[in-house]
Amino acid sequence: MSPTTPLLSPDRTSKSYSNLTEFPPLVLRNDQKRRGTKKSLRIKIQIPLLCYARFMVTMAYFSIFPYVALMIQHNGSSRATDIGTCVGLFEVLFLAVQALTSMFWVTMANRFGDKSTLVSILLGTSISSVIFGFTSSVWQMALCRCFMGLVSGGDIVIRVMIGKRCMTETEATRRFSISSLAGNVGMASGLLMGHALTSHFSQYSTIFKTVAFLGHDPFCLPGIAIGVMSATCAIVAALFVEDANEAAEDTQSTSFLPPTKTSLRELLRSPGASNTVSSFINISVLGSAFTAVETIALYTDISQGGLELPGHGVTLYMICQVAFACDSWVS
539 MSPTTPLLSP
549 DRTSKSYSNL
559 TEFPPLVLRN
569 DQKRRGTKKS
579 LRIKIQIPLL
589 CYARFMVTMA
599 YFSIFPYVAL
609 MIQHNGSSRA
619 TDIGTCVGLF
629 EVLFLAVQAL
639 TSMFWVTMAN
649 RFGDKSTLVS
659 ILLGTSISSV
669 IFGFTSSVWQ
679 MALCRCFMGL
689 VSGGDIVIRV
699 MIGKRCMTET
709 EATRRFSISS
719 LAGNVGMASG
729 LLMGHALTSH
739 FSQYSTIFKT
749 VAFLGHDPFC
759 LPGIAIGVMS
769 ATCAIVAALF
779 VEDANEAAED
789 TQSTSFLPPT
799 KTSLRELLRS
809 PGASNTVSSF
819 INISVLGSAF
829 TAVETIALYT
839 DISQGGLELP
849 GHGVTLYMIC
859 QVAFACDSWV
869 S
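Numbering (my numbering), first residue to last: 539 to 869.
Printed below as a string of C-alpha cells:
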C-alpha cells in the first residue's frame, strides 16, 4: 500500500453515503401518505355532512305542518276559514322573505365563506324553531315565520357547496340526487316529529309535569327538539365541514385556468341557463303552493270543501306523499 492510497474506496464511500441518505426520504413519504389518507377521508365525508345539513333544514321547515292549524286555533282563531287564511298567510310570508334573501345568502357565502354562512343559517334555524313554539298570538307566529324565511337559505348554500365539489356531470347528478333524497327524508322525519311531540303531549306531561312552561305552551316541545337538533348540526358543520374555496385551492394545481367572476346577467345569458332557471322557479312555486294549499284542504271542514282530517290523518297523508317522492329519487 502506498502513502497516496485512500483508506476508503470510492465505491464504499458512495454506498455508505447513499445508505445514510435513503432513510429520511422514506419517512417523509410515509408522513405524506398519512396526511393524504386523512385528507381523503375528510373529503369523502363532505357530501354526507352536507346531506345531513340539508336533512336538518328541511326537517325544521316541515315540522310545523302537523300542528300549525291547531296552534292557530289555540292562539285565538276559532273559525276554520280564519285558520286557513292564517296558514296561507304564513306560507306566503315565509316564501316571500325566502325569495328576497336568497341572493343575499349566496353573496354572504362568496364573501365570508360557505362554511361560516351554513353554520349561521343552522343556528338561525335553531333559534327560530324554538321561538315559534313559544308564540302566543297569530301576529307573533307571522313574525316568527318571516324570521324563519329569513334564515332559510341553507338549501341554496348547500347546493352551491355541492356544486363546487362536483368535477364531472356524473358526480353532480349523483350528489344532487342524494341531497334531494336527504331532503325528502327530512320532510318525513319533520312531519313525524311534529305530530308525535304534539299529539301525544298528554303522555309526556306526566314526565314533564314539573316544568310549568310545557303546560302553558303545548306546542313548544317540537320546536325545542328541532332547535337542539339544528344546533347539533351547526356544531358538526363547524367542526368537520370544509370551506369549498379552501378545497378548490388544494386542487388548484390540477387546474390550468384561473378562477373568473361572472355576473348574474352573464350567467342568465349563457346557453340554456334562462330555461333552466325558469323551470326551477316554476317547479318551486308549484311545490310550495301545493304544500300550503294541501295543509288547508286537509284540515278544513267538509262543509267548506275540505277533507276534515285529524292531526294524524294529515301527517299520514303527507308522509305517504313524501314516500312516493323518495321512491322516485331512489329509482
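No residue lacks a Cβ here, since even glycine has one placed at the ideal position from N, Cα and C. Note that the structure is a prediction, hence the values are computed from the model and not measured.
For Phe778, which of helix, strand or coil comes out of DSSP? Stepping through the sequence shown from its first residue, residue 778 is reached at position 240. Reduced to three states, the DSSP call for Phe778 is helix.
Distance between beta carbons of Gly825 and Ala835, contact taken as under 8 Å: Along the sequence shown, read from residue 1 onward, the residue named residue 835 stands at position 297. Along the sequence shown, read from residue 1 onward, the residue named residue 825 stands at position 287. At roughly 15 Å, the Cβ-Cβ gap does not stay under 8 Å, so Ala835 and Gly825 are not in contact.
At the level of alpha carbons, what is the spacing between Tyr605 and Thr800? Within the sequence shown, numbered from 1, the residue matching residue 605 stands at position 67. Within the sequence shown, numbered from 1, the residue matching residue 800 stands at position 262. Going from the Cα of Tyr605 to the Cα of Thr800 covers about 44 Å.
What is the residue span of the alpha helix (DSSP H) that Leu847 lies within? If you number the sequence shown from 1, residue 847 lands on position 309. From DSSP, Leu847 is part of no alpha helix (DSSP H); its letter is neither H nor E.
Any beta strand (DSSP E) of 3 or more consecutive residues that is wholly inside the stretch 687-737: none
On a CA-only basis, which of Gly626, Gly662, Thr645, Lys582 is nearest Glu832? Give me that one, please. Taking the sequence shown and counting its residues from 1, the one referred to as residue 832 is at position 294. Checked all of Gly626, Gly662, Thr645, Lys582; the closest Cα to Glu832 is Gly626.
Same chain, Cβ closer than 8 Å to Ser812, five either side skipped, listed in chain order: Numbered from 1 along the sequence shown, position 274 holds the residue referred to as residue 812. Leu806.
Endpoints, alpha helix (DSSP H) assigned at Thr833: Counted from its first residue, the sequence shown places residue 833 at position 295. Element bounds for Thr833: 811-837.
Range covered by the alpha helix (DSSP H) that runs through Ser667: As a first step, residue 667 is located in the sequence shown; it is residue number 129 there, counting from the start. It spans 652-671 - the alpha helix (DSSP H) in which Ser667 sits, taken as one unbroken run.
Val695 vs Asp652 beta-carbon contact at 8 Å: On the sequence shown, position 157 is the one that residue 695 refers to. On the sequence shown, position 114 is the one that residue 652 refers to. Cβ atoms of Val695 and Asp652: closer than 8 Å.
Taking 8 Å as the cut-off, decide whether the C-beta atoms of Arg592 and Phe632 are in contact. On the sequence shown, residue 592 is found 54 positions in, with the first residue counted as 1. On the sequence shown, residue 632 is found 94 positions in, with the first residue counted as 1. Cβ distance not < 8 Å, so Arg592 and Phe632 don't count as in contact.
What does the alpha-carbon distance come out to for the pair Gly692 and Gly724? Indexing the sequence shown from 1 puts residue 692 at position 154. Indexing the sequence shown from 1 puts residue 724 at position 186. Taking the straight line from one Cα to the other gives about 13 Å.
With a threshold of 16 other CB atoms inside 10 Å of the CB of Leu733, please say whether the residue is buried or exposed. Position 195 of the sequence shown, counted from the start, is the residue given in the question as residue 733. For clarity, residue 733 is His in the given sequence; the question names Leu instead. His733 should be labelled buried.
Identify whether Phe685 lies in helix, strand or coil by the three-state DSSP scheme. Residue 685 sits at position 147 when you count from the first residue of the sequence shown. Note: Phe685 maps to helix in three-state DSSP.
With a threshold of 16 other CB atoms inside 10 Å of the CB of Ser645, please say whether the residue is buried or exposed. Walking along the sequence shown from the start, residue 645 turns up at place 107. Reading the sequence as shown, one finds Thr at residue 645 and not Ser. It is exposed - the Cβ of Thr645 has fewer than 16 other Cβ atoms within 10 Å.
Take the Cβ of Gly765 as the centre, count every other Cβ of all protein chains shown within 10 Å, and call the residue buried at 16 or more, exposed below. Counted from its first residue, the sequence shown places residue 765 at position 227. Buried: at least 16 other Cβ atoms inside 10 Å.
CA-to-CA distance, Ala776 to Arg703, given in whole angstroms: Here residue 703 is taken as the residue at index 165 of the sequence shown, counted from 1. Here residue 776 is taken as the residue at index 238 of the sequence shown, counted from 1. Each residue's Cα considered, the two are about 18 Å apart.
With three or more beta-carbon pairs closer than 8 Å as the criterion, would you say the stretch 655-665 touches the stretch 703-716? no
By Cβ distance, which residues of its chain are closer than 7 Å to Pro563, with the 5 residues on each side in sequence left out? Taking the first residue of the sequence shown as position 1, residue 563 is located at position 25. Low per-residue confidence applies at Pro563: pLDDT is 49, beneath 50, and the placement is therefore not dependable, though the value from the model is reported in the following sentence. Counting only Cβ-Cβ distances below 7 Å, and skipping sequence neighbours, we find nothing.
Could you give the DSSP three-state label for Pro532: helix, strand or coil? Look at the range of the chain in this structure, 539 to 869, and you will see that residue 532 is not part of it.
Compute the beta-carbon to beta-carbon distance between Leu719 and Leu735, rounded to the nearest angstrom, for a pair I have assumed lies under 8 Å. Within the sequence shown, residue 719 is the residue found at index 181, counting from 1. Within the sequence shown, residue 735 is the residue found at index 197, counting from 1. Between Leu735 and Leu719 the Cβ distance is about 25 Å, and since that is not below 8 Å, they are no contact.
With DSSP run on the structure shown, which of helix, strand or coil describes Leu627? Within the sequence shown, residue 627 is the residue found at index 89, counting from 1. Helix at Leu627.
By DSSP, does Asn871 sit in helix, in strand, or in coil? With the chain covering only 539 through 869, there is no way to say anything about residue 871.
Count the other CB atoms within 10 Å of the CB of Ser666; is the residue buried (16 or more) or exposed (fewer)? Locating residue 666 in the sequence shown gives position 128, where the first residue counts as 1. So Ser666 counts as buried.
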